[in-house]
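The structure appears right after this line, and notes come after that.
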Amino acid sequence: MKFIGPMRTGVLLLMLQASIAVMAQQTVDGIRIRPDPEKTRLVFDLSGPVEHRLFKLDKPARLVIDINNTQLRETNLPAEIAKLSNAATPIAAVRFSPPGQENLRVVLDLKQEVKPRSFILKPIAQYRDRLVIDLFTEDQQIEHPLQGADKSDWQAREIVIAIDPGHGGDDPGAIGPGKLYEKKVVLSIARELEAIADHTYGYKGVLTRQGDYYVAHRKRTAIARENQSDVFVSIHADGWKTSSANGASVYTISQSGATSEMAKWLAEKENRADLIGGVGSVSLDDKDDMLAGVLLDLSMTASLSASLEMGEAILLGIKPISRLHKKNVEQAAFLVLKSPDIPSLLIETGFISNPGEARKLASRKHQKALASGIFKGIDQYFRRTPPNGTLLAARLQANEPVFVTHVIRRGDTLSEIAYRYNIGFEDLKRENSLNSNTIRIGQTLRIPQL
Ligand SMILES: [Zn+2]
1 MKFIGPMRTG VLLLMLQASI AVMAQQTVDG IRIRPDPEKT RLVFDLSGPV EHRLFKLDKP
61 ARLVIDINNT QLRETNLPAE IAKLSNAATP IAAVRFSPPG QENLRVVLDL KQEVKPRSFI
121 LKPIAQYRDR LVIDLFTEDQ QIEHPLQGAD KSDWQAREIV IAIDPGHGGD DPGAIGPGKL
181 YEKKVVLSIA RELEAIADHT YGYKGVLTRQ GDYYVAHRKR TAIARENQSD VFVSIHADGW
241 KTSSANGASV YTISQSGATS EMAKWLAEKE NRADLIGGVG SVSLDDKDDM LAGVLLDLSM
301 TASLSASLEM GEAILLGIKP ISRLHKKNVE QAAFLVLKSP DIPSLLIETG FISNPGEARK
361 LASRKHQKAL ASGIFKGIDQ YFRRTPPNGT LLAARLQANE PVFVTHVIRR GDTLSEIAYR
421 YNIGFEDLKR ENSLNSNTIR IGQTLRIPQL
């Protein structure tokens with residue numbers, strides 16, 4: 001991280017920080033950036049409401065953001081700052097006023113002229129106050145603000161979740177006690193996840209396989225890309241040499257090696273599936289693999305950090321439902337996760353080789369609960385960083401509370417819905433002004449999301 005002006009000595013810095021503690025009222029706890037074709041958006045996550053001011057300086061082009069009574073909290077910021085001067089944005093560098101001043105000044109050194117726009121978002125759900133700065137380059141038009149826009153001509157899109165049930169067809173995946181096939185269990189969980197996404201405002205699920213047939217790894221990621229997916233989630237339930245291994249895990253790709261021995265073993269096992277599934281050689285043999293590798297390295301850095309962040313959210317979502325095998329997201333070289341542009345995760349929903357866990361994995365109720373936990377994690381992630389142009393982003397910008405809409409299907413019960421969405425039974429009834437426990441197919445329930 002760079003500071004404006006010379007760095008001070010450690011002693012002086014300490015003294016200054018001691019005096020700030022009294023003065024500073026708010027902190028910038030994080031900075032996020034989302035470049036897209038329409039604009040570059042900077043979001044400052046704040047500890048509370050602030051006043052701010054923007055102005056431009058030229059020769060060279062700079063944008064100055066003054067935030068009153070605010071200090072920079074340094075946790076995790078350096079990594080974020082490095083991303084800000086990413087080639088895809090008009091920002092060349094970001095500088096901050098040195099610590100120890102009442103107000104925070106942020107200077108963006110610009111590669112080109114920009115039209116800035118800024119606004120404050122009030123706290124909602126798990127979000128606190130945010131300061132949003134949008135930068136429009138000459139060939140990007142300032143869009144009309146969402147507030148007051150006619151909903152009917154607002155072309156917001158749904159967030160697309162590509163759901164990949166592992167294995168299929170000749171490749172059964174792991175086989176548990178009583179001939180419980182991984183390919184069957186994961187298809188059920190994937191279908192539940194698709195149903196939850198489709199019934200939730202602002203989301204859409206897309207399955208990479210609809211039935212019991214094999215799909216090559218490359219085809220799976222291609223389906224995700226064709227559908228312009230925002231995330232790719234591969235669902236598995238694996239086996240291990242000993243029946244005592246248990247718990248769910250979340251994996252993301254690693255270019256440089258696995259984080260654990262089991263991660264490595266699982267990746268090798270999952271990658272072999274293309275051979276079992278009868279698709280011929282695994283794509284690693286492609287002659288353009290070296291070039292692909294270079295491109296992957298470049299573009300994966302961005303989607304990898306998103307994958308890790310989403311993976312952590314999914315672990316939190318699953319935690320109330322299943323024991324976790326590892327409490328952090330693990331990394332390994334899974335072929336199916338090699339999408340440079342889409343955050344990709346592989347979820348081991350449990351060990352089918354463990355008799356107790358296999359029994360749970362085979363049950364409809366547990367499959368639904370797992371799907372709901374996974375969805376909750378994905379939703380948490382997207383509500384923190386809603387992709388531009390999505391219905392969810394529009395709703396969050398309009399500061400509307402977020403509700404999940406559930407359309408009653410055959411076999412649904414109120415208690416099961418409450419369980420699935422992790423809401424109290426009575427709260428669910430109250431929210432929907434229900435006087436009895438009777439529901440009918442097609443009826444819509446509003447479920448507040450915490
Ligand atoms: Zn598997």
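When you line the sequence shown up against this note's numbering, it's residues 1 to 450, in that order. Virtual Cβ for every residue (Gly too), placed ideally from N, Cα, C. Just so you know, these numbers come straight off a predicted model, no measurement behind them.
- Looking at T40, I378 and R430, the one whose alpha-carbon comes closest to that of A306 is I378.
- DSSP places R34 within a strand segment (E or B) once states are collapsed to three.
- When secondary structure is reduced to three states using DSSP, Y201 falls in the coil class, being assigned neither helix nor strand.
- For A248, there is no enclosing alpha helix (DSSP H), as DSSP marks it with neither H nor E.
- Rounded to the nearest whole angstrom, the CA to CA distance from G48 to N103 is 14 Å.
- Spatial neighbours of V50 in its own chain (CB-CB distance under 8 Å, excluding positions within 5 residues in sequence) are listed in chain order as Q26, I67, N68, N69, T70, I120, D129 and L131.
- With respect to A371, I196 sits close: the two C-beta atoms are nearer than 8 Å.
- Straight-line measurement puts the Cα of A398 at about 26 Å from the Cα of V64.
- The bridge partners DSSP lists for Y181 are I175.
- Within the chosen limit of 7 Å, ligand 1 does not reach the beta carbon of G247 with any heavy atom.
- Under the 10 Å beta carbon count, R53 is surrounded by fewer than 16 other beta carbons and is classified as exposed.
- Between the beta-carbon of T405 and that of H236 there is about 29 Å, and that puts the pair past the 8 Å contact cut.
- Summarising the contact set, residues whose Cβ lies nearer than 5 Å to any heavy atom of ligand 1 are, in chain order, G166, G173 and H236.
- For A306, DSSP assigns no beta-bridge partner whatsoever.
- Among the bridge pairs identified by DSSP, I159 is matched with Y203.
- Contact between the region 319-339 and the region 381-400 is absent: fewer than three C-beta pairs spanning the two stretches fall below 8 Å.
- CA-CA distance, L57 to V160, rounds to 40 Å.
- Annotation: the continuous alpha helix (DSSP H) that includes T221 extends over H217 to E226.
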